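Below is one structure; the comments refer to it alone.
Residue numbers (the numbering used here): 9 to 188.
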């Protein structure tokens, strides 16, 4: 058996603006981060960036949300420019370096980077657990944020192959299999 890793996606000021239940979701993300660290589970932070604008590296919008537990020295931080955190980044190499095979994913936004990265992980043969109460998004003109979250979770848990699966656990249910 390989290792479990927690991935925290795009919990940045500009991304979290106007998200559904922002404070509650960040509290749940922090719970997942604390539980992972207690069991020495690696934590990887992912940050989206653009060459210009509010998501330019170093800009206020690019910064991690002030209520999110900040990365520690041992935590990897991955920078990306597209929704799927595996594309043109060091994420796969970072996961390979620790022997990861089970990814716990939380963050924002549900229907963009959380969904894309979960699918990317599944396509690469990882077992994915989406932390069901620790990801969020914004409503759009067609669906409420709650509907988007429910639909995304329903869709992802119905992915299955002989080598990978996606399941759901709340931050209260996280029980890491072992200290890595």
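Just so you know, even glycine gets a beta-carbon here, dropped at the ideal spot from N, CA and C. Predicted, not measured: the structure shown is a model, and the values here were computed from it.
Check, Outcome
"Residue from 86, 106 and 37 whose Cα sits closest to the Cα of residue 77", "37"
"Secondary structure, beta strand (DSSP E): runs of 3+ residues fully inside the stretch 40-67", "51-56"
"CA-to-CA distance, residue 52 to residue 188, given in whole angstroms", "Interpretation of residue 188 is limited by its pLDDT of 46, a score under 50 that renders its predicted location unreliable; the figure taken from the coordinates is listed afterwards. One C-alpha to the other measures close to 15 Å."
"Nonlocal neighbours in the same chain, by C-beta distance under 6 Å from residue 43, ignoring five residues either side", "182"
"Of the listed residues 131, 152 and 110, nearest to residue 176 (C-alpha basis)", "110"
"Close-in-space but distant-in-sequence residues of the same chain around residue 157 (CB under 6 Å, 5 per side omitted)", "118"
"Own chain, CB closer than 6 Å to residue 97, minus 5 neighbours either side, in chain order", "86 and 88"
"Bounding residues of the alpha helix (DSSP H) (the contiguous stretch that carries residue 107)", "Residue 107 -> no alpha helix (DSSP H), and no H or E assigned at all."
"For residue 90, the three-state DSSP class (helix, strand or coil)", "coil"
"Rounded C-alpha distance that separates residue 66 from residue 20", "11 Å"
"Alpha-carbon spacing of residue 170 relative to residue 127, whole angstroms", "15 Å"
"Assigned exposure category for residue 80 - 16 Cβ within 10 Å defines buried", "exposed"
"Coil, strand or helix - residue 31 by DSSP", "helix"
"Straight-line Cα distance separating residue 74 from residue 24", "11 Å"
"Residue range of the unbroken beta strand (DSSP E) whose run includes residue 14", "11-17"
"Cβ shell of residue 121 (< 6 Å), same chain only, five flanking positions each side left out", "17, 18 and 91"
"For residue 207, the first and last residue of its enclosing alpha helix (DSSP H)", "As shown, the chain starts at 9 and ends at 188. That puts residue 207 outside it, with no answer to give."
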